[in-house]
Amino acid sequence: MKTYFHTVKNQEYGLAYWGITIIPPDSLAIFYETVTSSKFFKKSDELNELASKIVQAVAEKKYMIHYGI
Numbered sequence: 020m021k022t023y024f025h026t027v028k029n030q031e032y033g034l035a036y037w038g039i040t041i042i043p044p045d046s047l048a049i050f051y052e053t054v055t056s057s058k059f060f061k062k063s064d065e066l067n068e069l070a071s072k073i074v075q076a077v078a079e080k081k082y083m084i085h086y087g088i
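Numbering (our numbering), first residue to last: 20 to 88.
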């Protein structure tokens, strides 16, 4: 999944363990698939809420920001 660490000038892949990850709209489908395919997805309110936020970001063509693991 193409992402950016800390700034859009620093292209990377995946999520930054520490710091900020910027997830562009073209990577959100992969992010959604990763979240919803988790074996914990059906029982996790947090993962379901995250999936909803991803759907919203896709609909609005927005980036998402992740603040470390």
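Cβ coordinates follow ideal geometry from the N, Cα and C atoms, glycine included.
Keep in mind it's a predicted model, so treat the numbers as computed, not measured.
For residue i, the residue or residues it bridges with in DSSP
i, result
"His25", "BP columns for His25 are empty, so no partner."
"Met83", "Ile42"
"Glu65", "Note: Glu65 sits in no beta bridge, so no partner."
Buried or exposed by the 16-neighbour rule on C-beta atoms within 10 Å, applied to residue i
i, result
"Met59", "The amino acid occupying residue 59 in the given sequence is Phe; Met does not appear at that position. Exposed, since its Cβ has fewer than 16 Cβ neighbours within 10 Å."
"Ile42", "buried"
"Thr26", "exposed"
Beta-carbon gap between residue i and residue j smaller than 9 Å
i, j, result
"Gly38", "Tyr86", "yes"
"Phe50", "Ala35", "no"
Inter-residue CB distance, residue i and residue j (contact presumed, cutoff 8 Å)
i, j, result
"Ala70", "Thr55", "5 Å"
"Leu66", "Ser57", "6 Å"
Given residue i as reference, the closest of the options once Cα atoms are compared
i, options, result
"Val74", "Asp64, Pro44 and Lys62", "Pro44"
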